[in-house]
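Enquirer: Protein chains in written order, with my numbering: chain A, -14 to 103; chain B, 87 to 663.
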Amino acid sequence: MARSRRSPEPGGGYTREVAGSPPRHPWGWDVADNSEPGSRGRGRAARIGFGLFWVYVILYFGFIALVLFRPDILSSRPLGGVNLAIASGLGLIAAALLLSVVYMVAARVVESPRRGRR
Amino acid sequence: MLYESSPVAIAIFASFVLAVIGLSFWLGRKGQSAKGYYAAHGEIHWFINGIAFAGDYLSAASFLGICGMIAFHGFDGFLYSIGFLAGWIVALFVIAEPIKSLGKFTFADALDAKYNSRGIKLSVAISTLVVSIFYLIPQMVGAGDLIMPLLGLPHAVGVILVGVAVTLIVVTAGMVSTTWVQFIKGSLLVFFCGVLTSMILSRGLTVNTGSLEPQTRTVTPDGRVLVNGEPQTRDHDLRPVGTLVALPERYGDATTTGPLGPLEYLSVLEDSRIVTWSGQKSTDASGTHTVYTPTEKAGADLLKPGGYFKGLTTGKLADKLDFASLMLALFCGTASLPHILIRYYTVKDAAAARKSTVVGIAAIGAFYVLTLFLGLGAMTSGALDPTSTNMAAPLLAKSFSNTLFAVISAIAFTTVLGTVSGLIMAGSGAVAHDLVENVLGIPMNDDEKVRCGKIAAVGLGIVAMALGILFRNFNVSFLVGWAFNIAASANLPALVMLLFWPRTTKEGIIAAVMVGMVASLGWILLSADTFEKVYGMSRDASPVPFSQPGLVTIPLGFIVLIVVSLLTKAQPQGKPA
Chain A
-14 MARSRRSPEP GGGYTREVAG SPPRHPWGWD VADNSEPGSR GRGRAARIGF GLFWVYVILY
46 FGFIALVLFR PDILSSRPLG GVNLAIASGL GLIAAALLLS VVYMVAARVV ESPRRGRR
Chain B
87 MLYESSPVAI AIFASFVLAV IGLSFWLGRK GQSAKGYYAA HGEIHWFING IAFAGDYLSA
147 ASFLGICGMI AFHGFDGFLY SIGFLAGWIV ALFVIAEPIK SLGKFTFADA LDAKYNSRGI
207 KLSVAISTLV VSIFYLIPQM VGAGDLIMPL LGLPHAVGVI LVGVAVTLIV VTAGMVSTTW
267 VQFIKGSLLV FFCGVLTSMI LSRGLTVNTG SLEPQTRTVT PDGRVLVNGE PQTRDHDLRP
327 VGTLVALPER YGDATTTGPL GPLEYLSVLE DSRIVTWSGQ KSTDASGTHT VYTPTEKAGA
387 DLLKPGGYFK GLTTGKLADK LDFASLMLAL FCGTASLPHI LIRYYTVKDA AAARKSTVVG
447 IAAIGAFYVL TLFLGLGAMT SGALDPTSTN MAAPLLAKSF SNTLFAVISA IAFTTVLGTV
507 SGLIMAGSGA VAHDLVENVL GIPMNDDEKV RCGKIAAVGL GIVAMALGIL FRNFNVSFLV
567 GWAFNIAASA NLPALVMLLF WPRTTKEGII AAVMVGMVAS LGWILLSADT FEKVYGMSRD
627 ASPVPFSQPG LVTIPLGFIV LIVVSLLTKA QPQGKPA
């Protein structure tokens, strides 16, 4: 944490705590608790997360685009039961959960300490 | 409508509140260090934290507002659910872990970790405070709306009750107790909504041929309330509304469907005909009149977008932009809410944070599916109060049983307790930790930090109560939309660019936060809705084309950050500014 503090050292000098390795781009982030096993893997986990995020962006804004430009499609009832509007809404909710579980599992796999590497 | 207060309701209600406050006192006996107070010792178990996420997030707007909107307008309430939940994806996949690795106690620390700049601390603390206050207002208004019919007491009393209860909780135990309050609230909410939903499904759909005569509510200049011309009394009052008037043809002459499965319920509804009610206000010499008239609609038309966002069917561009802007703000707003982000610090590492967010999304997603059924059940319950969308869910419960009504109202009240306590935590953190210690540079030891936080909490509680009373006539979801717009405009650009663009400078962050906040706030205060409902002026006087600023102010925040960062010197790595 970047916080400079002045405190008298025994011997009269001043100590300044300077930030440790500063945060860089998250794909290779040196995090504050660098010693944590798997902290390297966090960059990979973040990348997976980012990819999943874009998947959801497509789903979500795709739905919004349908609402704005082709509402007739949303009124249709392809399975004879609920209409596509309701189905999409429920689908988006399910997709959010699914993606978050995928992420959790993928991140755990990617971060597990690997023996014999590097 | 007038409501009778029932002793049972009051008893259940009081015991709930006292139990929650008691729990917080008991938990408050744990350590009172500053770290403990603000970040719950980093020890909360991920499952508890996940459900607490849900409890934190599912506020009065979710529970009361969305149900009510679905009950009166159909599918469009569900659009809010979709937007609210989608915001979690941004929070989880873009913001979650980098924040935890960067931050210490508050959102401002996270943004500031790179620069150690007073300007950043100040601007982010202000933005945190502003957003927290705007998010507080609808909760307090919702609290008043709950108390009024439940206990038969005036709106202001409900607001004050919440304010006092929450301030007590926060001041005695800080984050630990708010986590438990929210865990309890989250589990209760989802559980009882599940109970209510299964009751709705087993009751099925019934034809109800109640009277379809328009009703009028008049407020005379001297403050008396008339219903259909006569003074309003419990025996002469507005009739409850919201009915299904025709089942699908395949049911023939049957007037009820019997128990239905969830998908069956939806498809039967789509083939039925339903009567919804809406009010038209007009003012003349004898007072302000609101005339409530029924409209018969096909279920299929109610279960598609456009019931509330009229522009989706009329084709007006401004309305379509308004809708897109709101959906964008909801999507971006969750990750930017200070009281959500603060919860990431209460687990011990990244893996725990991910697990807790998954649990949170599961609980919240399940809840939104349930509220769809609650809203539709209320729509056809024949028990709606035409004057209040917020009461749809509790009144639905009342149509099943009085006890359930009391329980649901008590849970809704704890809903508000939980959300408000989270917001006051974020706000008091901003004041005590960021403003006082970091910006004003007043050094404090641990004890003083905690005390400062508590004083700030009390102050915020008072402000919240005052605003909740002042804004009592506002639509709750509208105010939440405000908060999301401001949060997304002020906080998200700074956060995202800090995480993903190394060339971000501290001036860029300060500029982005301040411009985003001021622009979205200004836009909202100049919008047609504000002109009409706050200033009492004509909608046409508003200079902005639509009400939700997000579509404009969120990109504006990004642009400002990029431009200002490029114009200012790049920070050499590692030196405090």
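By construction, the Cβ of each residue, glycine as well, lies at the ideal position given by its N, Cα and C atoms.
1. In chain A, which residues lie with their C-beta within 9 angstroms of the C-beta of B/W174?
2. What residues from the segment 135 to 166 of chain B come within 8 angstroms of chain A, judged by C-beta to C-beta, listed N to C?
3. Excluding the five sequence neighbours on either side, which residues of its own chain have a C-beta within less than 6 angstroms of the C-beta of B/A421, listed in chain order?
4. Can you pull out the residues from the segment 450 to 463 of chain B whose beta carbon lies closer than 8 angstroms to at least one beta carbon of chain A?
5. Checking contacts by CB at 8 angstroms: is B/E335 closer than that to chain A?
6. Based on DSSP bridge pairs, tell me the residues matched to B/H375.
7. Relative to the ligand MN, is the shortest distance from any of its heavy atoms to the C-beta of B/A386 smaller than 7 angstroms?
8. In angstroms with no decimal places, state the Cα-to-Cα distance between B/K540 and B/V256.
9. Just to confirm the assignment, what range does the beta strand (DSSP E) spanning B/A332 have?
10. Do B/L585 and B/K200 count as a contact pair if the criterion is CB distance below 8 angstroms?
11. Would you check if there are 3 or more beta carbon pairs closer than 8 angstroms linking the segment 138 to 152 of chain B to the segment 431 to 448 of chain B?
12. Below 6 angstroms CB to CB, which residues in the same chain sit around B/V646 once its five sequence neighbours on both sides are set aside?
13. Along chain B, in chain order, which residues have C-beta atoms closer than 8 angstroms to that of A/P56?
14. Determine which residues share a DSSP beta bridge with B/W363 and list them.
15. Could you say if the segment 47 to 56 of chain A and the segment 387 to 405 of chain B meet the contact criterion of at least three C-beta pairs nearer than 8 angstroms?
16. Do the CB positions of B/F395 and B/D405 come within less than 8 angstroms of each other?
17. Using only alpha-carbon positions, find the residue among B/G296, B/T501, B/A105 that is nearest to B/A469.
18. Can the beta-carbon of A/V67 be found closer than 8 angstroms to that of B/L287?
19. Would A/S91 count as contacting chain B if we go by Cβ distances under 8 angstroms?
20. What does the alpha-carbon distance come out to for the pair B/Y351 and B/W363?
21. Just to confirm my understanding: we take B/W568, look at its own chain, exclude 5 residues before and 5 after, and list those with CB closer than 8 angstroms. What are they?
22. Please confirm whether B/T654 and B/T590 have their CB atoms less than 8 angstroms apart.
23. At a Cβ cut of 8 angstroms, what residues of the segment 218 to 236 of chain B count as close to chain E, listed as they run along the chain?
24. Can you tell me whether B/T590 is helix, strand or coil according to DSSP?
25. Would DSSP call B/F191 helix, strand or coil?
26. Quick one: grab the DSSP three-state call for B/T341.
27. I need the DSSP call for B/L389, collapsed to helix, strand or coil.
28. Using the rule of at least 16 other Cβ atoms within 10 Å of the residue's Cβ for burial, across every protein chain shown, is B/I233 buried or exposed?
29. What residues in the segment 58 to 78 of chain A bring their beta carbon closer than 8 angstroms to a beta carbon of chain B?
30. Among B/I360, B/F557, B/L88, which has the Cα closest to the Cα of B/D321?
31. Excluding the 5 residues preceding and the 5 following A/A70 in the sequence, name in chain order all residues of the same chain whose CB lies nearer than 6 angstroms to its CB.
32. Let me confirm a value: B/N488 is counted as buried when at least 16 other C-beta atoms fall within 10 Å, else exposed. Which label applies?
33. Apart from the five residues on each side of it in sequence, which residues of its chain come closer than 6 angstroms, Cβ to Cβ, to B/P629?
34. Using beta-carbon positions only, say whether B/V455 and B/G151 come within less than 8 angstroms of one another.
35. Take B/G594 and list the residues in its own chain whose beta-carbon comes closer than 6 angstroms to its own, dropping the five residues that flank it on each side.
36. Report all residues from its chain with a CB closer than 8 angstroms to the CB of B/V216; omit the five preceding and five following residues, and keep chain order.
Expert: In brief:
1. A81, S85
2. Going along the segment 135 to 166 of chain B in chain order, one finds F161, F164, L165 with a Cβ nearer than 8 angstroms to chain A.
3. V176, A177, I181
4. G451, Y454, V455, L458
5. Not an interface residue.
6. The partner list for B/H375 (beta bridge, DSSP) reads B/T304, B/S368.
7. In the structure on display, the ligand MN does not appear, and there are no ligands present to speak of.
8. Rounded to the nearest angstrom, the two C-alpha atoms are 8 angstroms apart.
9. 329 to 332
10. no
11. With the cut-off at 8 angstroms, the segment 138 to 152 of chain B and the segment 431 to 448 of chain B touch.
12. A597, A598, V601
13. K390, P391, G392, L398, T399
14. B/P380
15. yes
16. yes
17. B/G296
18. No.
19. Sequence inspection shows Ala at residue 91 of chain A; the Ser mentioned does not correspond to that position. Taking Cβ atoms only, chain B never reaches closer than 8 angstroms to A/A91, which makes this a no.
20. 22 angstroms
21. F220, I610
22. Not a contact, by the Cβ cut-off of 8 angstroms.
23. Note that chain E does not occur in the displayed structure, where the protein chains are A and B.
24. coil
25. Low confidence applies to B/F191: its pLDDT is 48, below 50, so where it sits in the model is not reliable, and the reading given next is rough at best. B/F191 falls in the coil class under three-state DSSP.
26. coil
27. In the displayed model, B/L389 falls within coil according to three-state DSSP, outside both helix and strand.
28. buried
29. L59, S60, R62, G65, G66, V67, N68, A70, I71, G74, L75, L77, I78
30. B/L88
31. L59
32. exposed
33. Non-local beta-carbon contacts of B/P629 in its own chain, meaning distances under 6 angstroms to residues more than five positions away in sequence, involve L612 in chain order.
34. no
35. L647, V650, S651
36. I572, A576, M603, L607
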